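Visitor: What follows is a structure written as structure tokens; I'll ask about it next.
Residue numbers (the numbering used here): 209 to 522.
In structure tokens:
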């Protein structure tokens, strides 16, 4: 077996078991990918993928273990490449941050600006998606860290360290009656059409759970993956939005108004997610501290050691 074969396994799973899509992503041929998987299965002595009509439909029980090991192996290889960069870069290097739109658009710009002032020779890349996608990239070794709210599903190969709190507000068009209601209650908010985050984001479920616990069923007019889209439809008069307070910019959102709603909707926690059992380059640790000053290299190291020990004990 070899790293290429393990990379093929990971890429096939990432592409929903579609060989053609995996081959395209790997810049190779579909027969070549299929052949390498067959060779790996022959060497292991069991099937990695479930097949139906000559198509992959999922992972076998053994395949689940192969996939997990392949992800760890590739992540470690990427870590070695990072170490090589650090040892011979003279302050240069690449840093890949996976994050959500809200963090990339509103939370990270001033942090990244200050970070790059201190590290002018570092090339920083942002990869955007929903929280689960960001964590997937880190787990696969395709990003150094993820920044975002808690994903819907669990990623046992990662550790999440809280770095910020996101309070919620109601955002409405200037003159909207919700801006004058006293006191602001869940019932008052539910009386109007609502624009909010897509269900892939924890913000959606936190808001919906608050309504459900109050016995209310709001009318969701629109769900979107980013706050800017939500605000655009609020400006069009289609409803009010329940968004993270940091997404409101008084200068850019001149036709809108924000009203604090943290007393009726719980806050979200923004996490920095890192791979356990992985070498963290100094540039990664420095960026983590730039995002959250309390997350010093010692704090991060202790948290990773604790997570590793817990995993071994389990």
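Even for Gly, the Cβ is constructed at its ideal location relative to N, Cα and C.
From a predicted model like this one, the values you see are computed outputs, not experimental measurements.
At 3 residues or longer, and completely inside the region 401-482: list those beta strand (DSSP E) runs for me, N to C.
Guide: If we require 3 residues or more, the beta strand (DSSP E) runs fully inside the region 401-482 come out as 402-405, 428-432, 448-452, 464-468.
Visitor: Residues in its own chain within less than 7 Å of residue 219 by CB, not counting five upstream and five downstream?
Guide: Correct list, in chain order: 230, 233, 234.
Visitor: On the three-state DSSP scale, how would you describe residue 389?
Guide: Of the three classes helix, strand and coil, the one that applies to residue 389 here is coil, per DSSP.
Visitor: Sort 394, 358, 315, 369 by Cα distance to residue 422 and report the nearest one.
Guide: The shortest Cα separation from residue 422 among 394, 358, 315, 369 belongs to 394.
Visitor: Which residues bound the beta strand (DSSP E) around residue 532?
Guide: Coverage of the chain is limited to positions 209 through 522, which leaves residue 532 absent and any answer about it impossible.
Visitor: Determine which residues share a DSSP beta bridge with residue 302 and list them.
Guide: The partner list for residue 302 (beta bridge, DSSP) reads 331.
Visitor: With a floor of 4 residues, list each alpha helix (DSSP H) that falls wholly inside the region 307-378, ordered by position along the chain.
Guide: Here the runs fully enclosed are 317-326, 339-347.
Visitor: Considering only DSSP beta bridges, list what residue 264 is partnered with.
Guide: Residue 264 is bridged to 259.
Visitor: Sort out for me which residues DSSP pairs residue 380 with in a bridge.
Guide: Answer by DSSP bridge pairing, in chain order: 465.
Visitor: Measure the alpha-carbon distance for residue 480 versus residue 368 and round it to whole angstroms.
Guide: Distance between the alpha carbons of residue 480 and residue 368: 6 Å.
Visitor: With C-beta atoms as the reference, is residue 283 less than 8 Å away from residue 486?
Guide: The answer is yes: Cβ separation under 8 Å.
Visitor: CA-CA distance, residue 410 and residue 227?
Guide: Approximately 31 Å, taken between the alpha carbons.
Visitor: Looking at residue 241 and residue 355, is the spacing between their C-beta atoms short of 8 Å?
Guide: Result no, Cβ atoms of residue 355 and residue 241 do not sit closer than 8 Å.
Visitor: What are the boundary residues of the alpha helix (DSSP H) that residue 254 is part of?
Guide: Run containing residue 254: none; DSSP gives neither H nor E here.
Visitor: In whole angstroms, what separates the C-alpha of residue 274 from that of residue 303?
Guide: Going by the C-alpha atoms only, they are around 28 Å apart.
Visitor: Three or more beta-carbon pairs under 8 Å between the region 440-453 and the region 360-377, yes or no?
Guide: Segments in contact, yes.
Visitor: In three-state terms, what does DSSP make of residue 490?
Guide: In this structure, residue 490 counts as helix in the three-state DSSP scheme.
Visitor: Look at the alpha carbon of residue 371 and the alpha carbon of residue 447, and state the distance between them as a whole number of angstroms.
Guide: Approximately 31 Å between the Cα atoms of the pair.
Visitor: Under 8 Å, with one C-beta from each stretch per pair, do the region 454-473 and the region 247-257 reach the 3-pair mark?
Guide: Verdict: no, contact absent.
Visitor: Using the three-state DSSP reduction, which class does residue 505 fall into: helix, strand or coil?
Guide: Residue 505 falls in the helix class under three-state DSSP.
Visitor: Roughly how many whole angstroms lie between the Cα atoms of residue 286 and residue 346?
Guide: Roughly 11 Å between the two C-alpha positions.
Visitor: Counting only the same chain and skipping the five closest in sequence on each side, list residues whose C-beta sits under 6 Å from that of residue 434.
Guide: Hits under 6 Å: 309.
Visitor: Spell out a yes or no on whether the region 384-400 and the region 326-343 are touching, meaning 3 or more CB-CB pairs, one atom from each, closer than 8 Å.
Guide: The answer is no - the region 326-343 does not touch the region 384-400, with fewer than three Cβ pairs under 8 Å.
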